[in-house]
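Numbering-wise, the UniProt record's numbering puts 66 at position 66 of the sequence shown, and it's gapless, one number per residue.
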Amino acid sequence: MKKPRVMMVCGFGLGSSMILKLTVDGVLKENGLSAETFCADATTATGEAYDMVFTSKEMANLFKNTPKPVVVIENFLSKQEVLEKGLPVLRKLIEE
């Protein structure tokens with residue numbers, strides 16, 4: 001089993017991405033999964049080493065040329081949205 005590097009991205013890498021990180025961490029824990037989660041800002045995000053990205057619709061364009069999975073989340077507090085959109089991708093990465 002692999003421990004993927006999962007990046008949360010927002011404009012400054014502080015507020016919104018930290019909220020999203022806490023939500024993703026909660027979903028991982030509740031489902032018995034493990035990943036290295038971290039936050040990044042829009043300026044430095046594309047230079048980071050990562051396996052997957054969670055971000056907003058506004059930031060998703062930064063990753064249009066990446067082959068890595070990008071999950072767009074509208075409500076950063078919604079565990080349900082992370083479960084529905086991100087959990088299948090996370091499971092696949094972990095199983096690789």
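The C-beta atom is built at its ideal place from N, Cα and C for all residues, glycine as well.
Apart from the 5 residues on each side of it in sequence, D25 sits with its Cβ closer than 8 Å to the Cβ of T37 in its chain, given in chain order. A distance of 8 Å or more separates the beta carbons of K68 and S34. The bridge partners DSSP lists for D41 are C10.
Per DSSP, the continuous beta strand (DSSP E) segment holding T55 begins and ends at 52-55.
Taken through DSSP and simplified to helix, strand or coil, E95 comes out as helix.
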